[in-house]
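Counting in UniProt numbering, the sequence shown runs from 1 upward without gaps. Yeah, the Cβ is synthetic: ideal placement off N, Cα and C, and Gly gets one too. Keep in mind that this is a model prediction, so the values were computed, not measured. Structure first, commentary second.
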Amino acid sequence: MGNLFNSKLFMIVVALVIIIGVTLFFVYDYKNDGPVLSRPNDHNEQKGKHSKKRNGKTEIWLAVIPVIILLVLFGTRMALSHASAPDTIVPSKTEKKVATGKVVWVNNSTGKVGITTKDRKDDNPIVARVNNIPVTPDTPLISSYAGTSISNKQFLSLTVGDNVKINVHPYEWLYKNHDEYGNDEHASHVISMLNQAKVNGEVIKIKADSHTKKNSNKNLKLNRAKAQNATYSSGLGY
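The following block contains the structure:
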């Protein structure tokens, strides 16, 4: 079907439809004495109104049908030109958590945050940016956690020491029946590489639960008590 709508073959089909349509119209018109190619003869004036009306309807259809066929051809060609290729790769709708970490620095002037995880330490943190430019399958150089983004709302809520998670939408084939179109090794490699690199992640702050908050408050009170005891002891000269 795709070959039918390439430029050369398509123009040939269009020309054939026009030629056949015009030929049928004028042949029918000539054989039925008009109205376009009417032949003067003794029988023209004797033709009944019913016969003329019927011939007129037929000629209208002979003129309309080729136009409809042409509209269908051009419409189908336009629709196919906007259709995605069988090997198209897209982010899935499924969200997947790929990492958890801690904010180690926040740069308010550039809208960036540094995040450390199990596989990215202080010397090489993940850098997330507000409304970061996403990585695409055509990006020439793909690095780990490239395109990691954070919303402006999340960015404003973060401080150093906050725990965060990074979610991604893994890449997949656009068409679920991709196997029917054949295997594309290059596209398969790109999908594997993008998902392995965990690109285009979204940073989300992990809210502390009530148990964590209680422990945090308890530790804060203990630290304050220790500080007060140390001050009291130093005042007594111990």
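Limits of the alpha helix (DSSP H) - the one that residue i falls within
i      : result
Tyr28  : 7-31
Asn195 : 185-197
Lys153 : 152-157
Closest residue to residue i among the options (Cα-Cα distance)
i      : options                       : result
Lys97  : Ser7, Pro170, Ile69           : Pro170
Asn200 : Thr136, Ser157, Ser192        : Thr136
Gln196 : Glu185, Ala128, Ala146        : Ala146
Ile60  : Phe25, Lys176, Trp173, Gly75  : Phe25
Val13  : Phe74, Tyr28, Lys31           : Phe74
Met193 : Val106, Glu172, Asn55         : Glu172
Gly111 : Tyr28, Pro140, Gln154, Ile191 : Gln154
Thr100 : Lys93, Asp184, Lys121         : Lys121
Ala187 : Lys118, Asp138, Leu70         : Asp138
Val106 : Glu95, Ala128, Pro91          : Ala128
Boundaries of the beta strand (DSSP E) in which residue i is found, first to last residue
i      : result
Val98  : 96-107
Val127 : 126-130
Asn163 : 163-168
Lys112 : 112-116
Lys205 : 202-205
Tyr145 : No beta strand (DSSP E) holds Tyr145; DSSP gives it neither H nor E.
Val90  : 89-91
CB of residue i within 7 angstroms of CB of residue j, strictly
i      : j      : result
Ser149 : Glu202 : yes
Asn108 : Val130 : no
Val160 : Val113 : no
Asn167 : Ile206 : no
Leu174 : Thr88  : yes
Ile115 : Pro125 : yes
Leu71  : Tyr28  : no
Close-in-space but distant-in-sequence residues of the same chain around residue i (CB under 7 angstroms, 5 per side omitted)
i      : result
Ile142 : Val135, Met193, Leu194, Ala197, Val199
Ser144 : Ala197, Lys198
Chain D within 7 angstroms of residue i, Cβ atoms only
i      : result
Arg129 : The structure shown contains no chain D, having only a single protein chain.
Other residues of its chain near residue i: CB distance less than 8 angstroms, five sequence neighbours each side excluded
i    : result
Lys8 : none
Validate contact between the stretch 61-75 and the stretch 18-30 using beta carbons, cut 8 angstroms, 3 pairs:
A contact between stretches requires three or more CB pairs, one per stretch, nearer than 8 angstroms, and the stretch 61-75 meets this requirement with the stretch 18-30.
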